[in-house]
Each structure stands twice: as C-alpha cells, then as structure tokens.
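Following: one structure in structure tokens, then a few remarks.
Protein chains: 2
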Amino acid sequence: MADQPTDAALRRTSRTKITPEREAELYEAVLELLRERGYDALTMDAVAARTRSSKATLYRQWGSKGQLVIAALRHGKPFDIDDIDTGTLAGDLREMARRTGRAACEDTELLQGITVAARQDEDLRLAMRELLIRPEGAVLDRALRRGVERGEVHPDNPALGYVIPALLGALIARPLIEDDYADGPYLEHFLDSVVLPALLGRPAPAHD
Amino acid sequence: MADQPTDAALRRTSRTKITPEREAELYEAVLELLRERGYDALTMDAVAARTRSSKATLYRQWGSKGQLVIAALRHGKPFDIDDIDTGTLAGDLREMARRTGRAACEDTELLQGITVAARQDEDLRLAMRELLIRPEGAVLDRALRRGVERGEVHPDNPALGYVIPALLGALIARPLIEDDYADGPYLEHFLDSVVLPALLGRPAPAHD
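Chains V and D supply the protein sequences, listed in that same order.
The first sequence maps to residues 1 to 208 in the UniProt record's numbering.
The second sequence maps to residues 1 to 208 in the UniProt record's numbering.
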C-alpha cells in the first residue's frame, strides 16, 4: 500500500520525459521555495522561474501545485520510517517517534504551513492524505500487525485503531498548547506514557 | 485559573462603558460573521457595520481582531465543561469528551478556521491559548487531581501530563486522516481505548 502509486501518478509517470536527476532537482527547488515563502505565497511561476522550466510542463507533469508540493515533500522522505523493524513493537514505535520528531523539528515551519494550507485547500489535503499520511500509516500498521503476531498486543485491543491519530495528534497539538515543537523525546515520552501502556496493557513506568 | 482574567482583559474591562447585553449582542454578531466568512475574511469594518459601532470602539475595547474573536468564542462557551463532577475520573472525562465532541461538530468550520489562522497569527494564537485552551485545561486538570485524590490514578503516572495533548490531538487529527469530524462517540472511544487504560493502568475492554 505504501508504495502503490495512485492512478493519477501512474498516468503522469507514463507521460513524463524528464530524468530522475531533473525530477530530484525540481523537488529540491520546490522545497527551497516552500521554506523561503510558505505554501500560500508559493506560485507555479516561481517554481518555473527557479527551475528554468515552463509552467505548462509543471502542470502537465504534476497536475496541481498541491500535488507538486506533496510529491516534493515525499521525495525528501521527511519521516523515512519504512525500514524500521527492531523485533519489538515498543522498539519499532519508539524509533518511529524519534525519526518523526526529528523531521518535525527540522522542517516544522514547512510541515506546519502545509498542514495549515491543507485545511482550506482540498486538492492539497487529498494529496497529503494519499501521499504522506496513508503511506506512513501503512508502515505503522505493519509494525502493529507484527506486534499482534508476536503476541505482544491482543488482536482485539481497541487502542490498535488509535495509534495514528494519537501520534499525529500529539505532533500537531503540542505547539498549540505550549510554545514548543513535538520533538523526538516528547513523542517518545508520550508513546511510553499513553500509547504503549494502552497497547501492551500495563501501566506506564513512572519516569524520574 | 480558569476564571482569572488576564491583565489586558482587566484593563479593558475597567475602561468599558458598554452593557453586558450590548456585549452579548456584539459577540453574537462576531460569531455570525465568523460562520459566514471565516477568520481571514472577517474584518473589523464588517463587525463595526454589522453591530453599528465604531471601529475605534472595537479596538479600544478588545485590542485586536484576535482578542475580539476569542472573547466572542469564549462567551459562546463552546465546550462548557466547568460543572462536570460525576464522582469518577472515567465519568468526568467521558462527559468532557461528549460535550467537546458535540461542540466540535456544531461549530467545526468555525473552530477549524480559528485553529488554522492561529498558526500564522501570533496574536490570535496567544489569545486562543490564554482564553480557550488554558481554562479548559485547568478544568481537566482539576478532574485529574480529584482522580488522584480518590486513588484512581497513581500520582506518578506519567500519562497525567499528556491527557490534554492526547484529546486535543485526536480532535484535530481525525479530519486530516479521514473525512470525518472527531464527534462525541469518536472522542469517547478514543478515551476508553487509549487515555483511560493508560491512566487507570488496566487494558481497555474490547468493544464489540
């Protein structure tokens, strides 16, 4: 599921004539522009100018600004959790929390800007859900399934259905509550205090 | 804490010459305009026109658009959880989840719009934190403290520090993951599946 391109992506890929190197260059330029200006102020004109390509090419290739931006984000692999398999569910989730927290801190402005814009822009919201949240969610789901198969989590434990909103929620909510990002240590502590006790069915150890 | 006005609010109150009825009328007009146009498109000019008051009065009275909007929201008591005291922590939190979910569904567009705008508008973000999140958080903290005093939760349980981000996070994250609001039943099930097991130290019952 994580790596299955959508029909639209397949259609575009089959049409493309640009090289992987050129594609990577374009994505880098989009991320640069996003960091400089934010999503709302980013225009296809600016991307075309910065990358010396035509706007028509950009639209033909990516369909919309939202899809180009998410493709660029996904190319940068902000979370990059696909290879995690530590042998225990707690180990897997902690490593995912660490990497996600690190990515969220490095590119908080960029990711926040995208999340904000996505709430008002349906095209961007669907691209984000399809190309970012769903693939990362599928990786997390596989880790949960391994935990169930190893007997670490009861297959009927209802917490299994809430791991993604709990972690994504903590990531988004912290900056609203206090002036701080949800970094790796915060997410890991949240995981150890709330998510893992609910999943593994034992009280969290009191941290000192 | 929930009811302590800020210094700025006190300063404004001491200056005010408008009656409570007039104030309520103004807040209603602001909420109406917010539902019609959203935060970004709402102008102090429009509030002045709709309420037949002068812009100078609005600024003198509330300081900024952000503060006026949050005062109007707070006046509408969107969550209204102050009186909850069921005798058990689970009962208190479930009732809070039900009311919060109901409010979030009734005024989702409005609350989402505010949350979105708050991420780019520091004045609005501080007003939201000070006048909405902190007071509701204080009510929730009192419920947690009663749970500790009754011996339902161990005072060192680290989950105590994450109840607010967990619930606020679930509220915000669900619409990003699926096209659905975090309504009362969703929040209550999240609470039963994740937050209460972590707090009370027993596995969640498998729901049928």
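By construction, the Cβ of each residue, glycine as well, lies at the ideal position given by its N, Cα and C atoms.
(request) On a CA-only basis, which of V:Asp123, V:Pro135, V:Leu132, V:His154 is nearest leucine 89 of chain V? Give me that one, please. (result) Reading the first sequence from its first residue, position 89 is the one you call residue 89 of chain V. Out of V:Asp123, V:Pro135, V:Leu132, V:His154, V:His154 has the C-alpha closest to the C-alpha of leucine 89 of chain V.
(request) Look up valine 153 of chain D in the DSSP assignment and say whether it is helix, strand or coil. (result) Along the second sequence, one-based indexing puts residue 153 of chain D at 153. Three-state result, valine 153 of chain D: coil.
(request) Let me know the alpha helix (DSSP H) ranges lying completely inside the UniProt domain "HTH tetR-type" (20 to 80) of chain V, each 4 residues or longer, listed in chain order. (result) Runs of the alpha helix (DSSP H) inside the UniProt domain "HTH tetR-type" (20 to 80) of chain V: 20 to 37, 44 to 51, 55 to 62, 65 to 75.
(message) On the criterion of 16 or more Cβ atoms from any shown chain inside 10 Å, does proline 20 of chain V qualify as buried, or is it exposed?
(response) As a working note, residue 20 of chain V is residue 20 in the first sequence. Exposed, because fewer than 16 other Cβ atoms sit within 10 Å of the Cβ of proline 20 of chain V.
(message) Buried or exposed, going by whether 16 or more other CB atoms sit within 10 Å of the CB of glutamate 136 of chain V?
(response) By 1-based counting over the first sequence, the position of residue 136 of chain V is 136. Glutamate 136 of chain V is buried by the Cβ-count criterion.
(request) Spell out whether any CB of chain V is found under 8 Å from the CB atom of arginine 174 of chain D. (result) Looking up residue 174 of chain D in the second sequence gives position 174. For arginine 174 of chain D, the nearest CB of chain V lies under 8 Å from its own CB, placing it at the interface with that chain.
(request) Indicate whether leucine 176 of chain V and alanine 97 of chain V have their beta-carbon atoms separated by less than 8 Å. (result) As a first step, residue 176 of chain V must be located in the first sequence, where it is residue number 176. As a first step, residue 97 of chain V must be located in the first sequence, where it is residue number 97. At the C-beta level, leucine 176 of chain V and alanine 97 of chain V stay beyond 8 Å of one another.
(request) Could you tell me the distance, in whole angstroms, from the CA atom of glutamate 106 of chain D to the CA atom of threonine 100 of chain D? (result) The residue given as residue 106 of chain D occupies position 106 in the second sequence. The residue given as residue 100 of chain D occupies position 100 in the second sequence. So the alpha carbons of these two residues sit roughly 10 Å apart.
(request) Starting from the N-terminal side, write out each stretch of the alpha helix (DSSP H) that is 4 residues or longer and does not extend beyond the region 112 to 148 of chain V. (result) Secondary structure in the region 112 to 148 of chain V: the alpha helix (DSSP H) runs of 4 residues or longer, each lying completely within the stretch, are 122 to 128 in chain order.
(request) Tell me, to the nearest whole angstrom, how far the beta carbon of isoleucine 172 of chain V is from that of threonine 115 of chain V; I am working on the premise that it is less than 8 Å. (result) On the first sequence, position 172 is the one that residue 172 of chain V refers to. On the first sequence, position 115 is the one that residue 115 of chain V refers to. With a contact defined as Cβ atoms closer than 8 Å, isoleucine 172 of chain V and threonine 115 of chain V qualify at about 7 Å.
(request) Could you tell me whether any Cβ in chain V is nearer than 8 Å to the Cβ of tyrosine 162 of chain D? (result) For this step, residue 162 of chain D is matched to residue 162 along the second sequence. So yes, tyrosine 162 of chain D belongs to the interface.
(request) Give the straight-line distance between the Cα atoms of arginine 94 of chain D and glutamate 188 of chain D, rounded to the nearest whole angstrom. (result) As a first step, residue 94 of chain D must be located in the second sequence, where it is residue number 94. As a first step, residue 188 of chain D must be located in the second sequence, where it is residue number 188. Each residue's CA atom was taken as its position, placing arginine 94 of chain D and glutamate 188 of chain D some 6 Å apart.
(request) Can you tell me which of the three DSSP states alanine 204 of chain V falls into? (result) Along the first sequence, one-based indexing puts residue 204 of chain V at 204. Residue placement at alanine 204 of chain V is poorly supported in this model, since its pLDDT is 49, which falls under 50; the coordinates are not used for a value here.
(message) Give me the subset of the region 101 to 118 of chain D whose CB atoms are less than 9 Å from a CB atom of chain V, sorted by chain position.
(response) The residues in question are Gln112, Gly113, Thr115, Val116, Ala117, Ala118.
(request) Could you give the DSSP three-state label for alanine 103 of chain D: helix, strand or coil? (result) As a working mapping, residue 103 of chain D is identified with position 103 in the second sequence. Residue state, collapsed to three classes: helix.
(request) With DSSP collapsed to three states, give me the class of tyrosine 181 of chain D. (result) Here the question's residue 181 of chain D lines up with position 181 in the second sequence. Three-state result, tyrosine 181 of chain D: coil.
(message) Give me, in chain order, the residues of the same chain whose beta-carbon lies closer than 8 Å to that of aspartate 180 of chain D; leave out the 5 immediate sequence neighbours on both sides.
(response) If you number the second sequence from 1, residue 180 of chain D lands on position 180. If we look at aspartate 180 of chain D and ignore the five residues flanking it on each side, its Cβ neighbours are Arg174, Tyr186.
(message) So, at 6 Å on beta carbons, what are the nonlocal neighbours of glycine 113 of chain D in its own chain, with the 5 sequence-adjacent residues on each side left out?
(response) For the purposes of this step, residue 113 of chain D is taken as residue 113 along the second sequence, with counting starting at 1. Counting only Cβ-Cβ distances below 6 Å, and skipping sequence neighbours, we find Gly38, Tyr39.
(request) Determine the closest residue to leucine 196 of chain D out of D:Gly184, D:Gly169, D:Glu152, with distance taken between C-alpha atoms. (result) Here residue 196 of chain D refers to the residue found at position 196 when the second sequence is read from its first residue. It is D:Glu152.
(message) Does the CB of glycine 151 of chain D have a neighbour CB from chain V at under 8 Å?
(response) In the second sequence, counting from the first residue as 1, residue 151 of chain D sits at position 151. So, not an interface residue.
(request) For phenylalanine 79 of chain V, return the contacting residues in chain D, with the cut-off set at a CB-CB distance below 7 Å. (result) The count along the first sequence starts at 1 and reaches residue 79 of chain V at position 79. None at all; the shortest Cβ gap to chain D is about 15 Å.
(request) For chain V, find out if any of its Cβ atoms is closer than 8 Å to the Cβ of alanine 159 of chain D; answer yes or no. (result) In the second sequence, residue 159 of chain D corresponds to position 159, counting from 1. It does; some Cβ of chain V falls within 8 Å.
(request) Check the Cβ of isoleucine 177 of chain V against every Cβ in chain D and list those closer than 8 Å, keeping chain order. (result) The residue you call residue 177 of chain V lines up with position 177 of the first sequence. Here the neighbours are Arg129, Ile133, Gly137, Ile164, Pro165, Leu168.
(message) Determine, for glutamine 67 of chain D, whether the minimum Cβ-Cβ distance to residues of chain V falls below 8 Å.
(response) For this step, residue 67 of chain D is matched to residue 67 along the second sequence. No, glutamine 67 of chain D does not count as interfacial toward chain V.
(message) Looking at chain D, is there any beta carbon in it that lies within less than 8 Å of the beta carbon of alanine 198 of chain V?
(response) Taking the first sequence and counting its residues from 1, one reaches residue 198 of chain V at position 198. For alanine 198 of chain V, the answer is yes, since a Cβ of chain D falls inside 8 Å of its Cβ.
(message) List, in chain order, every chain V residue whose beta-carbon is nearer than 8 Å to that of valine 195 of chain D.
(response) Reading the second sequence from its first residue, position 195 is the one you call residue 195 of chain D. The contacting residues are Val194, Ala198.
(request) List the whole-angstrom C-beta distance separating leucine 199 of chain V from asparagine 157 of chain V, where the pair is believed to meet the contact cut-off of C-beta under 8 Å. (result) Counting from one through the first sequence, the residue named residue 199 of chain V turns up at place 199. Counting from one through the first sequence, the residue named residue 157 of chain V turns up at place 157. Contact flag correct, Cβ pair sits at about 6 Å.
(message) Counting only Cβ-Cβ distances shorter than 8 Å, please list the residues of the region 48 to 75 of chain V near chain D, keeping chain order.
(response) Taking a C-beta cut-off of 8 Å against chain D, none of the residues of the region 48 to 75 of chain V qualify.
(message) Any contact between the region 49 to 58 of chain V and the region 16 to 36 of chain V? By contact I mean 3 or more CB pairs, one from each, below 8 Å.
(response) Per the Cβ contact rule, the region 49 to 58 of chain V is in contact with the region 16 to 36 of chain V (3 or more Cβ pairs under 8 Å).
(request) Can you grab the Cα-Cα spacing for the pair glycine 91 of chain D / arginine 119 of chain D, in whole Å? (result) As a working mapping, residue 91 of chain D is identified with position 91 in the second sequence. As a working mapping, residue 119 of chain D is identified with position 119 in the second sequence. The alpha-carbon atoms of glycine 91 of chain D and arginine 119 of chain D are separated by roughly 33 Å.
(request) To the nearest angstrom, report how far apart leucine 73 of chain D and glycine 147 of chain V are at their CA atoms. (result) As a working note, residue 73 of chain D is residue 73 in the second sequence. As a working note, residue 147 of chain V is residue 147 in the first sequence. If you take the alpha carbons of leucine 73 of chain D and glycine 147 of chain V, they lie about 44 Å apart.
(message) With a threshold of 8 Å on Cβ separation, who are the neighbours of glutamate 25 of chain V within its own chain once the five nearest residues in sequence on each side are excluded?
(response) Taking the first sequence and counting its residues from 1, one reaches residue 25 of chain V at position 25. Counting only Cβ-Cβ distances below 8 Å, and skipping sequence neighbours, we find Thr51.
(request) Select from V:Asp183, V:Leu160, V:Arg142 the residue whose C-alpha is nearest the C-alpha of aspartate 85 of chain V. (result) Here residue 85 of chain V refers to the residue found at position 85 when the first sequence is read from its first residue. Looking only at V:Asp183, V:Leu160, V:Arg142, the smallest Cα-Cα distance to aspartate 85 of chain V is reached by V:Arg142.
(request) Helix, strand or coil for glycine 87 of chain V, going by three-state DSSP, please let me know. (result) Taking the first residue of the first sequence as 1, we reach residue 87 of chain V at position 87. The answer is coil: DSSP assigns glycine 87 of chain V none of H, G, I, E or B.
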